[in-house]
Amino acid sequence: MESFIREKFIPVRIHVRDENATALMERFGANWTPTIVFLDSGGVERHRIEGFLATEDFLAQLNVGLGRVAFGQNEWKKAEELFRQVVESYPDSDSAPEALYWKGVAKYKGSGDAAALGETARAFQESYTDSAWAKKSVIWR
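Just so we're aligned, residue -7 is where the sequence shown starts under the working numbering, counting upward by one.
Okay, here's the thing in structure tokens:
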């Protein structure tokens, strides 16, 4: 996991007892620990994780974060691929329904074809049917 993080991110660790911790926690709205904030190259927050996660769930969320950064920078194909990888690699994680949702949105944004949203809504009829993300896709049917 450490090599994945170092390869994909610029990690910054701040201990809550550090001298500058309070100012940084206020700046990034970190009210709990651990808080992982995903910023794009312009410093805009695109995703965050709050609280401890088991390794597989954490890896899934890290990949969702990468997808959200790509999405926020209008890199639709890259975002779609990152979200697809989460669904395929971590199908039992709590992140998979979120990734499925955003995969459909990224595909739509990249193509302008609303069929991508309908496709996503149909996928939710088969998987993750009780998730909040499935409920958000109902309008696309």
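All C-beta atoms, glycine included, are put in the ideal place defined by N, C-alpha and C.
Query: Who are the near neighbours of residue 55 in its chain, counting only those whose CB is closer than 7 Å to its CB and skipping five residues on each side?; Result: 74, 77 and 78
Query: Would you say residue 25 and residue 4 are within 9 Å of each other, going by their C-beta atoms?; Result: no
Query: Identify the residues that DSSP records as bridge partners of residue 29: which are they?; Result: 40
Query: With a threshold of 16 other CB atoms inside 10 Å of the CB of residue 117, please say whether the residue is buried or exposed.; Result: exposed
Query: Can you list, in chain order, the residues of its chain with a C-beta nearer than 8 Å to that of residue 134? Leave out the 5 residues immediately preceding and following it.; Result: Because the chain in this structure spans residues -7 to 133, residue 134 falls outside the shown range and cannot be described.
Query: Can you tell me the Cα-Cα spacing of residue 81 and residue 6, whole angstroms?; Result: 30 Å
Query: For residue 127 and residue 121, I'd like the C-alpha separation in whole angstroms.; Result: 8 Å
Query: Per DSSP, what kind of secondary structure is residue 102 in: helix, strand or coil?; Result: helix
Query: Please classify residue 98 as buried or exposed, where buried requires at least 16 other C-beta atoms within 10 Å of its C-beta.; Result: buried
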